[in-house]
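The letter at position 82 of the sequence shown is residue 82 when you use UniProt numbering, and the numbering goes up by one with no holes. For glycine and all other residues, C-beta sits at the position ideal for the given N, C-alpha and C. Values in this document were obtained by computation on a predicted structure and should not be read as measured data.
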Amino acid sequence: MKTIGLIGGMSWESTLLYYKLLNEGIKERLGGLHSAQIILHSVDFAPIARMQNEGRWDEASITLTQAALSLEHAGADVILLCTNTMHKMAP
Numbered sequence: 001m002k003t004i005g006l007i008g009g010m011s012w013e014s015t016l017l018y019y020k021l022l023n024e025g026i027k028e029r030l031g032g033l034h035s036a037q038i039i040l041h042s043v044d045f046a047p048i049a050r051m052q053n054e055g056r057w058d059e060a061s062i063t064l065t066q067a068a069l070s071l072e073h074a075g076a077d078v079i080l081l082c083t084n085t086m087h088k089m090a091p
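If you want it as structure tokens, here you go:
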């Protein structure tokens, strides 16, 4: 099973939903007590929201890139953004 890196915190409610759906999918596929292998990097959304409102998307992108790199160093095989707005910056 691959390790999934989640960038969450934008908002914590959406992060919770991604976590829940991933684990429900694994349980459905594998059954029993299986759960997803997940590493979570939760960011403080207040500074990112400020960057968005001020049009500083490049700075917000740097923040998320740093989060993604930390997940990669922690062993994530894939990385998922637990938000819709910030996908705007994904390559």
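In terms of Cβ geometry, Ser14 and Cys82 form a close pair [threshold 8 Å].
A straight-line Cα-Cα distance of about 16 Å links Trp57 and Val43. Closest option to Gly9, judged by alpha-carbon separation, among Thr63, Phe45, Leu64: Phe45. The beta carbon of Gly25 is closer than 8 Å to those of Ala36 in its chain, skipping five residues each way along the sequence. Under the DSSP definition of a beta bridge, Ser42 partners with Gly8. The criterion of a C-beta distance shorter than 8 Å is satisfied by Tyr18 and Leu6.
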